[in-house]
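Encoded as structure tokens, the structure appears first; notes follow it.
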Amino acid sequence: MKKRRQGTPQKTHGKPSRRGGIKRRRQAAQRVVEALDRLKDRAVAVRGRPRGEGRQAGEGRPGEPAAGERRGRERNGRGVTYLTIRGNEELFGKLCRDDFSYLMAQRIAAPAAVREILLPQSVVGRAQSGHGWFVDEFGGPLCFREATFDRVLTELERPWPDLRSDRVRARRSALVERVRDHVLARLDTATMGLETTDGPLLGAEFLAGREVDTAAFLKGLVLAGFMDEEGHRRMAHNWHRRAFDGELYELGGGEIRIVDVARFEQTGIVDPGQQAWDDAALRELEQLGVVMPLESTGDYPWPRYDQAYFRRRLGEGVCDDLALIRIGAEHGFDAFLGAFVMDALDTYDKHLLSYTSKGSDQALAEEIQERWRERTGRPLASGEEILDLVWFAAKNNAPRTSLSSSHRRFLQTEAGAREPTLLHHWSFLQGRPLADIKLGFARVPAREFYEIAHHRLKAAAFPSTAPSFHTPIDS
């Protein structure tokens, strides 16, 4: 066998070198790793911790406390304690079960079968923020920032087997599909009942036996369905640059995106809603197969896929309470109920058995809008109406508010109130005496909020009666 002359390349006879193929694959893999590392750096920056902190229990350097141990806990100026679930499983499980039991006992206008698939979502938020039962012996918040819907259900499933994650998701999916099928089957009717053979839509007790004007109800659905869409948020801020008081204001926003769970976890991103993501960063995630394109079609099944909120612009968003009040003031009670139903779909859409790009709520709004346009030659809700609604309800418009009630809060009768918060808002629009209560997660005094709503309605040229209050009743 002849020795190959030094420096002379070996002939390949048209076949690729196996060694070269391996090298190219390694280089491609290295590029993916480097991209993931960049995303991990971004995720760490979002969380505000130096690189290397926040490791799981048992992964610290020799001599360092594990992340979940008492001596490794972080505190800020308000005495908030951040804990990992790992190393604190027993505590986390007990707090989840206690918090869920407490919420189930509240006055919520829905049957137990609906409450038990809605309220785990509330437990997740309270676990992440250190509210409700997630406090220490001194009342200081205990925050489990990595708490997820499925992790909470793992704890709730122990005493309540029907709360297994796949079963809860299936029941939520059925609730969403029931609303969608009911509405789309009645687009051409003059009136629409809000009850099926299974009961009122979404289990909301105050919808039982209710008959609505179809066009008005659909109007509320469409307005609320487009209100949270990032493109409309951005256009609204460009359309209305100043608040009611003439000052500049900020309007934040973001997108719910479908993610490949395994690849998303590899990025190290914990909360993509903490910092604004630009188009380039999201494109990179799409190219890596972490995030699915917005225009993609078809369903993405859980558990391979899930959803995550990516913030696109910093700043406060929209107050759902004010949005519903504006819709009610302009279009009446039936539209007010339509907006409530769409807001509920947005809540349930977060945790389903399969996902649709842009979300089931926006997909329904788009289908209603398109079918109405085909039938009448015009949109049910104009672009200007949507932009005006977003501007009116922006938290940073004037007067400013921090309130934005969740679907659970809309259904709940607060201590001292005579009716659920949603109907309490309608009582305000009707000029009836109101309960002097606290509203929403932020516990905003009703006197403060309804004064804000009154001033905004007047600024937008809607008739409004100054709020009056009766003495609170015992809860």
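Counted the way the numbering used here counts, the sequence shown spans residues 978 to 1452.
For glycine and all other residues, C-beta sits at the position ideal for the given N, C-alpha and C.
- request: Output the distance between the C-alpha atoms of Q1083 and W1137, rounded to the nearest integer angstrom.
  value: 18 Å
field: Opposing strand residues paired with I1233 [DSSP bridges]
entry: Y1286
task: Take R1047 and list the residues in its own chain whose beta-carbon comes closer than 8 Å to its own, dropping the five residues that flank it on each side.
output: For R1047, the predicted model reports a pLDDT of 37, less than 50, meaning its position is unreliable; a value from the coordinates is still stated below. The answer is none, since no qualifying residue turns up.
- prompt: Near L1072, what residues of its chain come up, given a Cβ to Cβ distance below 6 Å and the 5 sequence neighbours on each side ignored?
  reply: W1110 and F1111
- prompt: In chain order, what residues of the same chain lie with their CB nearer than 6 Å to the CB of Q1105, ignoring the 5 residues before and after it?
  reply: R1122 and A1124
message: Is it the case that the stretch 1380-1389 contacts the stretch 1403-1422, given that we only count it when at least three CB pairs across the two stretches are under 8 Å?
response: yes
message: In the DSSP output, which residue or residues are listed as bridge partners for F1446?
response: L1411
query: Smallest Cα separation from G1229: which of A1371, R1409 and L1406?
result: A1371
message: Can you check which of these residues, G1070, W1216, R1290 and F1313, is closest to D1298 by C-alpha distance?
response: F1313
message: Just verifying my parser: in three-state terms, what is the DSSP assignment at R1433?
response: helix
field: Cα-Cα separation, Q1339 to R1433
entry: 27 Å
field: Within the stretch 1178-1230, ranges of the alpha helix (DSSP H) (whole runs, at least 4 residues)
entry: 1191-1204 and 1207-1216
Per DSSP, the bridge partner or partners of E1172: P1177
message: So for T1333, helix, strand or coil by DSSP?
response: strand
Local conformation of D1276 per DSSP, three classes: strand
Proximity below 8 Å, CB of R1149 to CB of H1402: no
query: Which value, in whole angstroms, describes the spacing of the CA atoms of E1344 and G1315?
result: 15 Å
- request: Give the straight-line distance between the Cα atoms of W1349 and L1366, rounded to the nearest whole angstrom.
  value: 20 Å
query: Where does A1151 sit, in a helix, a strand or coil, going by DSSP?
result: helix
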